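Student:
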Amino acid sequence: MKPLILFDFDGTLADTAPDLAAAANAQRTAKGLPPLPLTDLRHMASHGARGLLGVALGLKPEDPDYEAAKQAFLADYERNIAVHTVLFPGVEALLAELHRRGTPWGIVTNKVTRLALPLVKHLDLHEASVITVCGDTTAYFKPHPEPLLHAAREAGHAPEDCIYVGDDLRDIVAGKAAGTKTIAVGYGYNGDSDPVAAWGADEIAHTPEDLLPAIDRLHLK
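Going by our numbering, 196 is the number at position 171 of the sequence shown; the sequence numbering is gapless.
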(Lines of atoms letter the chains of each structure in order from A and count residues from 1; the text may use other names and numbers.)
(Lines give C-alpha, C1' and ligand atoms only; values in the text may rest on other atoms or scores of the structure.)
Protein backbone atom coordinates (compact mmCIF):
# COMPACT_ATOMS: atom_id res chain seq x y z
CA MET A 1 0.00 0.00 0.00
CA LYS A 2 1.25 3.45 -0.88
CA PRO A 3 1.87 5.68 2.17
CA LEU A 4 -0.29 8.74 2.72
CA ILE A 5 1.88 11.85 2.78
CA LEU A 6 0.38 14.62 4.91
CA PHE A 7 1.78 18.13 4.76
CA ASP A 8 1.52 21.13 7.00
CA PHE A 9 0.63 24.16 4.87
CA ASP A 10 2.25 27.44 6.01
CA GLY A 11 6.02 27.12 5.84
CA THR A 12 5.95 23.60 4.41
CA LEU A 13 4.04 23.71 1.12
CA ALA A 14 3.40 27.43 0.81
CA ASP A 15 5.37 30.56 1.59
CA THR A 16 2.57 32.59 3.17
CA ALA A 17 4.84 34.79 5.30
CA PRO A 18 4.80 37.92 3.07
CA ASP A 19 1.01 38.25 3.21
CA LEU A 20 0.86 37.40 6.92
CA ALA A 21 3.59 39.93 7.66
CA ALA A 22 1.74 42.57 5.66
CA ALA A 23 -1.36 42.03 7.80
CA ALA A 24 0.73 42.29 10.96
CA ASN A 25 2.35 45.49 9.72
CA ALA A 26 -1.11 46.90 8.94
CA GLN A 27 -1.79 46.76 12.68
CA ARG A 28 1.41 48.70 13.34
CA THR A 29 0.46 51.29 10.73
CA ALA A 30 -2.94 51.71 12.39
CA LYS A 31 -1.12 52.62 15.59
CA GLY A 32 1.26 55.03 13.90
CA LEU A 33 4.20 52.65 14.06
CA PRO A 34 6.60 52.01 11.17
CA PRO A 35 6.40 48.61 9.45
CA LEU A 36 8.84 45.90 10.45
CA PRO A 37 10.98 44.16 7.83
CA LEU A 38 9.80 40.76 6.71
CA THR A 39 12.86 39.17 8.32
CA ASP A 40 11.58 40.25 11.75
CA LEU A 41 8.20 38.57 11.23
CA ARG A 42 8.87 35.64 8.92
CA HIS A 43 9.92 33.14 11.58
CA MET A 44 6.58 33.49 13.38
CA ALA A 45 4.36 32.95 10.34
CA SER A 46 3.44 29.39 11.37
CA HIS A 47 2.19 30.74 14.70
CA GLY A 48 -0.54 32.86 13.12
CA ALA A 49 -2.00 35.88 14.90
CA ARG A 50 -0.56 34.96 18.27
CA GLY A 51 3.02 34.83 17.05
CA LEU A 52 2.84 37.71 14.60
CA LEU A 53 1.06 40.11 16.94
CA GLY A 54 3.51 39.17 19.65
CA VAL A 55 6.36 40.42 17.45
CA ALA A 56 4.52 43.29 15.74
CA LEU A 57 2.77 44.79 18.75
CA GLY A 58 4.21 43.00 21.76
CA LEU A 59 0.75 41.61 22.55
CA LYS A 60 -0.05 38.33 24.29
CA PRO A 61 -3.43 36.55 24.17
CA GLU A 62 -4.12 37.51 27.78
CA ASP A 63 -3.64 41.24 27.10
CA PRO A 64 -6.86 43.30 27.02
CA ASP A 65 -6.09 44.71 23.54
CA TYR A 66 -5.20 41.37 22.00
CA GLU A 67 -8.62 40.19 20.79
CA ALA A 68 -9.42 43.40 18.94
CA ALA A 69 -5.97 43.39 17.33
CA LYS A 70 -6.40 39.74 16.37
CA GLN A 71 -9.74 40.36 14.65
CA ALA A 72 -8.32 43.35 12.76
CA PHE A 73 -5.28 41.30 11.74
CA LEU A 74 -7.44 38.43 10.46
CA ALA A 75 -9.71 40.79 8.54
CA ASP A 76 -6.75 42.48 6.87
CA TYR A 77 -5.16 39.14 6.07
CA GLU A 78 -8.36 37.69 4.61
CA ARG A 79 -8.75 40.70 2.32
CA ASN A 80 -5.21 40.29 0.97
CA ILE A 81 -4.60 36.59 1.47
CA ALA A 82 -3.02 35.68 -1.86
CA VAL A 83 -1.06 38.73 -2.97
CA HIS A 84 2.43 37.29 -2.56
CA THR A 85 1.78 33.72 -1.36
CA VAL A 86 3.36 31.02 -3.54
CA LEU A 87 4.46 27.42 -3.27
CA PHE A 88 8.05 27.02 -2.14
CA PRO A 89 10.40 26.32 -5.05
CA GLY A 90 10.51 22.58 -5.64
CA VAL A 91 7.13 21.81 -4.06
CA GLU A 92 5.21 21.73 -7.34
CA ALA A 93 7.68 19.21 -8.77
CA LEU A 94 7.46 17.11 -5.60
CA LEU A 95 3.66 16.96 -5.71
CA ALA A 96 3.75 16.15 -9.43
CA GLU A 97 6.09 13.24 -8.75
CA LEU A 98 3.88 11.93 -5.95
CA HIS A 99 0.94 12.09 -8.36
CA ARG A 100 2.94 10.29 -11.05
CA ARG A 101 3.72 7.51 -8.59
CA GLY A 102 0.12 7.24 -7.43
CA THR A 103 1.13 8.24 -3.89
CA PRO A 104 -1.75 10.03 -2.15
CA TRP A 105 -1.12 13.24 -0.26
CA GLY A 106 -3.11 15.69 1.81
CA ILE A 107 -2.90 18.77 4.00
CA VAL A 108 -3.26 19.14 7.76
CA THR A 109 -3.06 22.75 8.90
CA ASN A 110 -3.99 24.82 11.94
CA LYS A 111 -5.26 27.52 9.57
CA VAL A 112 -9.05 27.75 9.84
CA THR A 113 -11.18 26.73 6.87
CA ARG A 114 -12.15 30.23 5.71
CA LEU A 115 -8.47 31.13 5.37
CA ALA A 116 -7.02 27.79 4.32
CA LEU A 117 -9.34 26.66 1.53
CA PRO A 118 -9.13 29.85 -0.57
CA LEU A 119 -5.35 29.51 -0.57
CA VAL A 120 -5.44 25.79 -1.32
CA LYS A 121 -7.65 26.58 -4.32
CA HIS A 122 -5.59 29.63 -5.34
CA LEU A 123 -2.48 27.45 -5.46
CA ASP A 124 -4.38 24.78 -7.42
CA LEU A 125 -3.91 22.09 -4.78
CA HIS A 126 -7.54 21.29 -4.03
CA GLU A 127 -8.12 18.65 -6.70
CA ALA A 128 -4.93 16.68 -6.12
CA SER A 129 -5.12 16.69 -2.31
CA VAL A 130 -7.05 13.65 -1.09
CA ILE A 131 -7.84 15.28 2.26
CA THR A 132 -7.56 18.80 3.68
CA VAL A 133 -7.93 19.13 7.45
CA CYS A 134 -8.12 22.70 8.72
CA GLY A 135 -7.80 24.14 12.19
CA ASP A 136 -11.56 24.01 12.75
CA THR A 137 -12.22 20.65 11.07
CA THR A 138 -11.88 18.87 14.42
CA ALA A 139 -12.18 20.16 17.98
CA TYR A 140 -8.39 20.30 18.32
CA PHE A 141 -5.35 22.10 16.95
CA LYS A 142 -1.91 20.62 16.53
CA PRO A 143 0.10 19.60 18.53
CA HIS A 144 -2.95 17.49 19.46
CA PRO A 145 -2.90 14.36 17.28
CA GLU A 146 -6.60 14.39 16.37
CA PRO A 147 -6.28 16.43 13.15
CA LEU A 148 -3.79 13.87 11.84
CA LEU A 149 -5.85 10.93 13.06
CA HIS A 150 -8.90 12.46 11.38
CA ALA A 151 -6.99 12.85 8.11
CA ALA A 152 -5.83 9.24 8.21
CA ARG A 153 -9.33 7.93 8.96
CA GLU A 154 -10.97 9.99 6.21
CA ALA A 155 -8.35 8.91 3.67
CA GLY A 156 -8.61 5.25 4.67
CA HIS A 157 -5.07 4.87 6.04
CA ALA A 158 -3.73 3.63 9.34
CA PRO A 159 -1.63 6.29 11.10
CA GLU A 160 1.46 4.11 10.89
CA ASP A 161 1.09 4.16 7.09
CA CYS A 162 1.20 7.97 7.04
CA ILE A 163 4.12 10.40 6.92
CA TYR A 164 3.62 13.91 8.30
CA VAL A 165 5.80 16.73 7.01
CA GLY A 166 6.03 20.04 8.89
CA ASP A 167 8.18 23.04 9.68
CA ASP A 168 7.23 23.51 13.33
CA LEU A 169 7.92 21.50 16.47
CA ARG A 170 4.16 21.18 16.98
CA ASP A 171 3.95 19.26 13.70
CA ILE A 172 6.46 16.68 14.86
CA VAL A 173 4.84 16.39 18.31
CA ALA A 174 1.44 15.86 16.67
CA GLY A 175 2.80 13.29 14.23
CA LYS A 176 4.52 11.29 16.92
CA ALA A 177 1.42 11.38 19.14
CA ALA A 178 -0.71 10.19 16.21
CA GLY A 179 1.68 7.36 15.38
CA THR A 180 2.76 8.65 11.98
CA LYS A 181 6.29 8.86 10.69
CA THR A 182 7.58 12.44 10.64
CA ILE A 183 9.75 14.69 8.50
CA ALA A 184 10.87 18.09 9.81
CA VAL A 185 11.64 20.69 7.17
CA GLY A 186 14.43 23.17 7.72
CA TYR A 187 13.44 25.63 5.01
CA GLY A 188 10.20 26.80 6.63
CA TYR A 189 9.50 29.22 9.45
CA ASN A 190 10.49 26.99 12.41
CA GLY A 191 9.13 29.43 14.99
CA ASP A 192 11.12 30.17 18.12
CA SER A 193 11.68 26.56 19.17
CA ASP A 194 14.84 24.49 19.38
CA PRO A 195 16.79 23.74 16.17
CA VAL A 196 15.08 21.35 13.76
CA ALA A 197 17.61 18.62 14.52
CA ALA A 198 16.45 18.61 18.15
CA TRP A 199 12.79 17.89 17.37
CA GLY A 200 13.17 14.14 17.16
CA ALA A 201 11.71 13.75 13.67
CA ASP A 202 12.38 10.56 11.75
CA GLU A 203 13.91 12.55 8.88
CA ILE A 204 14.97 16.14 8.18
CA ALA A 205 14.56 17.87 4.81
CA HIS A 206 16.58 21.05 4.47
CA THR A 207 15.09 21.85 1.06
CA PRO A 208 11.94 20.73 -0.78
CA GLU A 209 14.22 18.66 -3.02
CA ASP A 210 15.22 16.65 0.06
CA LEU A 211 11.64 15.60 0.75
CA LEU A 212 11.23 12.85 -1.84
CA PRO A 213 14.39 10.97 -0.77
CA ALA A 214 13.29 11.32 2.86
CA ILE A 215 9.83 9.95 2.01
CA ASP A 216 11.41 7.04 0.15
CA ARG A 217 13.67 6.19 3.08
CA LEU A 218 10.75 6.16 5.51
CA HIS A 219 8.55 4.12 3.20
CA LEU A 220 11.24 1.44 3.01
CA LYS A 221 11.63 1.18 6.80
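By construction, the Cβ of each residue, glycine as well, lies at the ideal position given by its N, Cα and C atoms. These figures come from a predicted structure and were not determined experimentally.
Can you say whether residue 69 is buried or exposed, counting buried as having 16 or more other CB atoms within 10 angstroms of its CB?
Tutor: Along the sequence shown, one-based indexing puts residue 69 at 44. Classification of residue 69: buried, given that the 10 Å Cβ count is 16 or more.
Student: DSSP on residue 152, reduced to helix/strand/coil?
Tutor: Position 127 of the sequence shown, counted from the first residue, corresponds to residue 152. Here residue 152 sits in coil by DSSP.
Student: In the structure shown, what three-state DSSP assignment does residue 240 receive?
Tutor: Here residue 240 refers to the residue found at position 215 when the sequence shown is read from its first residue. Three-state result, residue 240: helix.
Student: By the 10 Å Cβ neighbour count, where 16 or more other Cβ atoms means buried, how is residue 124 classified, buried or exposed?
Tutor: Position 99 of the sequence shown, counted from the first residue, corresponds to residue 124. Label assigned to residue 124: exposed.
Student: Taking all protein chains shown into account, do 16 or more other C-beta atoms lie within 10 angstroms of the C-beta of residue 129, making it buried, or fewer, making it exposed?
Tutor: Against the sequence shown, residue 129 aligns to sequence position 104. Label assigned to residue 129: buried.
Student: Based on Cα-Cα distance, which residue from 95, 116, 213 and 58 lies nearest to residue 76?
Tutor: Along the sequence shown, one-based indexing puts residue 76 at 51. Here the closest residue by C-alpha is 95.
Student: Distance check for residue 73 and residue 56, CA to CA, integer angstroms please.
Tutor: Working through the sequence shown from its first residue, we reach residue 56 at position 31. Working through the sequence shown from its first residue, we reach residue 73 at position 48. If you take the alpha carbons of residue 56 and residue 73, they lie about 20 Å apart.
Student: On the criterion of 16 or more Cβ atoms from any shown chain inside 10 Å, does residue 149 qualify as buried, or is it exposed?
Tutor: Your numbering for residue 149 matches position 124 in the sequence shown. Result: exposed.
Student: Just curious, the alpha helix (DSSP H) that residue 27 is in, first and last residue?
Tutor: The residue given as residue 27 occupies position 2 in the sequence shown. It is not in any alpha helix (DSSP H) - residue 27 carries neither H nor E in the DSSP assignment.
Student: Would you tell me roughly how many angstroms separate the C-alpha atoms of residue 184 and residue 234, rounded to the nearest one?
Tutor: Position 159 of the sequence shown, counting from 1, holds the residue named residue 184. Position 209 of the sequence shown, counting from 1, holds the residue named residue 234. So the two alpha carbons sit approximately 25 Å from each other.
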